[in-house]
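In UniProt numbering, the protein residues as written are 1 to 137. Below is one structure; the comments refer to it alone.
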């Protein structure tokens with residue numbers, strides 16, 4: 001928390017340095033009500049405080065959630081190209097790891113599939129048959 005407050009104070013000193021450039025921006029902002037500008041600046045400051053005080057675990061989770069739409073698209077494309085309703089989980093993991101734009105190992109990809117299953121219940125069904133996991137859309 002202290003580090004976040006230190007960062008905030010550093011940002012405040014940086015904003016005073018940028019306040020000197022405000023007269024240059026004043027020409028660009030002519031005609032815009034001051035109350036609106038104050039509201040926008042207040043929102044920006046609140047957002048900066050939120051970013052500084054956010055938990056690293058929450059940052060990680062948010063980053064993982066931003067990956068999910070592309071992963072869902074990849075997963076659906078795998079099922080469409082294979083023309084199957086059920087595919088073995090290791091096969092899906094290898095194909096998704098090869099197709100995804102970032103380098104991920106299979107354990108990370110399995111975590112993302114599990115996260116996708118939690119966020120969209122009923123879309124992915126994982127079945128275990130003879131100690132083998134199968135994925136069904």
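Backbone N, C-alpha and C define an ideal beta-carbon position, used for all residues, glycine too.
Query	Result
Residue ranges of each alpha helix (DSSP H) within the UniProt domain "DNA replication factor Cdt1 C-terminal" (35-127), 4 or longer	56-82, 89-99, 106-119
Other residues of its chain near residue 17: CB distance less than 7 Å, five sequence neighbours each side excluded	For residue 17, the pLDDT reaches just 49, beneath the cut-off of 50, and the residue's location in the model is therefore unreliable, although a value from the coordinates is still provided. Nothing listed; no residue qualifies.
Residue 137 - DSSP class collapsed to helix/strand/coil	coil
Straight-line gap, residue 80 to residue 42 (C-alpha atoms, nearest Å)	48 Å
Three-state secondary structure (DSSP) of residue 132	strand
Close-in-space but distant-in-sequence residues of the same chain around residue 101 (CB under 8 Å, 5 per side omitted)	70
Euclidean distance between Cα positions of residue 83 and residue 61	32 Å
Touch test, the stretch 95-109 against the stretch 119-131, Cβ-Cβ under 8 Å, three pairs minimum	no
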